[in-house]
Every structure is written in C-alpha cells, then in structure tokens.
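**Student:** Per this note's numbering, the sequence shown starts with residue 24, numbered consecutively.
From the three backbone atoms N, C-alpha and C, an ideal C-beta is built for every residue, glycine too.
Quick one: the structure is below, and I'll ask about it shortly.
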Amino acid sequence: MDSTLKFILLLIFQIPAILVSIIIFIYFASDRNARSKPKNHIWLILLILNFLYLVTNLPMSMSYYSQGKIWVKNDGYCVWWNWYESSLDFLGLYLMAWASIERHFFIFHSQTIMRVRWKMWMAHYIPIFLCFAWVLIFDFVLIVTPPFCVNTWYFDLHMCGAPCFYTTYNGYYAIVEFIVNV
C-alpha cells in the first residue's frame with residue numbers, strides 16, 4: 024500500500040478514535056461508581072494504553088508515512104520508539120488476555136475469590152502489575168540493552184528497522200520472544 028494512502032487512512036481513523044476515547048474518559052471521570060469497580064480497572068488501563076498509542080506512537084508512524092523518513096535521525100530515538108511500540112503492543116495483548124481470565128473470575132467466582140481481600144489482590148492487582156513488569160523489563164533487555172548483539176538503525180525504514188535480536192542467531196531470540204510473549 025502506498026505510504027500516502029496509509030497516512031490518510033490512519034488520519035481518518037485516528038481522529039474519531041481519539042474523540043471516542045475522550046468521551047469514555049469523561050464517562051469514567053464523572054461516574055465514580057464505574058471507575059471504582061474492580062471489574063472496570065483493566066478496561067480503564069487498556070483505554071489509557073490505547074489512548075497513549077493514539078496520541079504518541081501513531082503520530083510517529085504517520086510522520087514516517089507522510090515524509091518517507093524518520094524525522095529524528097538519532098539512535099536513541101529509534102531505541103525508544105521500538106521499545107515503546109513493542110511495550111504498548113505486548114501490554115495490550117497481555118492485559119486483554121488477563122481481562123478475559125479475570126472476567127471469568129468476576130462472573131463465576133465472585134463470591135469465593137473476589138470477596139476476600141488477599142484473593143482479590145492475588146487475582147486482580149498482582150497480575151496487572153506482573154503484566155506491566157514482565158513486558159517492560161523483557162522489552163528493555165531485548166531492545167534497549169541487548170546482551171548478545173548491537174542494534175543498527177536505518178532512518179529510512181519504518182521504526183528505524185527491527186531490533187538486532189530479530190536476526191541474531193538466525194532469529195532464535197525473535198522466536199523465543201514470539202512464543203513467550205504471544
């Protein structure tokens with residue numbers, strides 16, 4: 024697909040997505056009952072992550088598609104962009120998967136698991152924290168401080184190309200990342 028067409032399509036869908044996100048934020052801000060229910064916590068976190076993606080990460084891709092190059096030709100920017108993109112993507116996947124498991128707890132085990140304080144911590148708060156910790160640390164190690172290769176960035180490729188672990192040892196670490204994170 025042509026880069027200009029990608030830019031136009033992203034722009035067309037980005038604007039309504041931001042508006043709908045703001046409307047949902049207003050709903051959560053105005054309804055204390057909705058925001059205080061534990062069953063809505065994960066959805067609020069996912070909404071915040073997706074909003075961050077819309078207003079920070081997507082404009083970087085749109086800039087690349089409109090200009091045909093990375094606007095900040097700096098290795099640090101490329102490392103940050105790859106880490107940020109990967110972290111947001113995998114956090115979204117992990118939290119969505121956990122939301123489906125947690126929804127099962129809320130529906131079928133609301134009296135046994137979700138009413139006892141320590142069980143609530145074990146089944147609600149700690150898994151959310153672990154999702155964040157695992158993804159941010161794993162991506163930091165593989166992208167920001169790769170122990171087994173050196174990143175080479177190309178400023179004429181989207182996201183400056185891929186991190187070095189995708190090609191090191193015939194892509195072994197990329198396969199491990201895929202199996203572990205997906």
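Less than 8 Å between the C-beta atoms of Y88 and F36, yes or no?
**Tutor:** Translated into the one-based positions of the sequence shown, residue 88 becomes position 65. Translated into the one-based positions of the sequence shown, residue 36 becomes position 13. The Cβ atoms of Y88 and F36 lie no closer than 8 Å to each other.
**Student:** When we look at the beta-carbon of W144 and count the other beta-carbons within 10 Å, is it buried (16 or more) or exposed?
**Tutor:** In the sequence shown, counting from the first residue as 1, residue 144 sits at position 121. Result: exposed.
**Student:** Can you give me the Cβ contacts of M83 inside the same chain, cut-off strictly under 7 Å, excluding the 5 residues immediately before and after it?
**Tutor:** On the sequence shown, position 60 is the one that residue 83 refers to. Excluding sequence neighbours, M83 sits near W104.
**Student:** Check the C-beta distance from L72 over to L116 and give it rounded, since I have them as a contact under 8 Å.
**Tutor:** Here the question's residue 72 lines up with position 49 in the sequence shown. Here the question's residue 116 lines up with position 93 in the sequence shown. The Cβ separation is near 11 Å, so there is no contact.
**Student:** For P150, which residues in the same chain have their Cβ closer than 7 Å to its Cβ, ignoring the five residues on either side in sequence?
**Tutor:** As a first step, residue 150 is located in the sequence shown; it is residue number 127 there, counting from the start. Within the same chain, P150 has close Cβ partners W121.
**Student:** Nearest-angstrom Cα distance between M137 and H127?
**Tutor:** Counted from its first residue, the sequence shown places residue 137 at position 114. Counted from its first residue, the sequence shown places residue 127 at position 104. C-alpha separation (whole angstroms): 11 Å.
**Student:** Using 8 Å as the cut-off, can you tell me whether the segment 187–195 makes contact with the segment 90–103, which would need three or more C-beta pairs spanning the two stretches below that distance?
**Tutor:** no
**Student:** Compute the Euclidean distance between the alpha carbons of W176 and V164, then round it to the nearest angstrom.
**Tutor:** As a first step, residue 176 is located in the sequence shown; it is residue number 153 there, counting from the start. As a first step, residue 164 is located in the sequence shown; it is residue number 141 there, counting from the start. About 17 Å.
**Student:** Indicate whether D162 and S123 have their beta-carbon atoms separated by less than 8 Å.
**Tutor:** On the sequence shown, position 139 is the one that residue 162 refers to. On the sequence shown, position 100 is the one that residue 123 refers to. Going by C-beta atoms, D162 is not nearer than 8 Å to S123.
**Student:** Could you give the distance in angstroms between the alpha-carbon of V16 and the alpha-carbon of N193?
**Tutor:** Limits of the chain in this structure are 24 at one end and 205 at the other, which puts residue 16 out of reach.
**Student:** Just how far apart, CA to CA, sit G24 and K92?
**Tutor:** As a position in the sequence shown, residue 24 is number 1, starting the count at 1. As a position in the sequence shown, residue 92 is number 69, starting the count at 1. Per the sequence presented here, residue 24 reads as Met, with Gly not at that position. Rounded to the nearest angstrom, the two C-alpha atoms are 16 Å apart.
**Student:** Using only CA atoms, which one of D54, K60, F48, N56 lies nearest to F74?
**Tutor:** For the purposes of this step, residue 74 is identified with residue 51 of the sequence shown, where counting begins at 1. The shortest Cα separation from F74 among D54, K60, F48, N56 belongs to F48.
**Student:** Using only CA atoms, which one of V205, S86, N204 lies nearest to T27?
**Tutor:** If you number the sequence shown from 1, residue 27 lands on position 4. Minimum Cα distance to T27 is reached at S86.
**Student:** For Y76 and S59, what's the separation of their Cα atoms in angstroms?
**Tutor:** Along the sequence shown, read from residue 1 onward, the residue named residue 76 stands at position 53. Along the sequence shown, read from residue 1 onward, the residue named residue 59 stands at position 36. Near 24 Å, if we compare the C-alpha coordinates of S59 and Y76.
**Student:** Ignoring anything shorter than 4 residues, give me the alpha helix (DSSP H) runs that lie fully in the segment 103–143, in order along the chain.
**Tutor:** 140–143
**Student:** Here's a check: name, in chain order, each residue in its chain whose Cβ is nearer than 7 Å to the Cβ of W94, leaving out the five neighbours to either side.
**Tutor:** The residue labelled residue 94 in the question sits at position 71 within the sequence shown. For W94, where only same-chain residues beyond five positions count, the Cβ hits under 7 Å are S86.
**Student:** Look at L118 and I68 and say whether their C-beta atoms are less than 8 Å apart.
**Tutor:** Here residue 118 refers to the residue found at position 95 of the sequence shown. Here residue 68 refers to the residue found at position 45 of the sequence shown. Yes; because the gap between Cβ atoms is below 8 Å, this pair is in contact.
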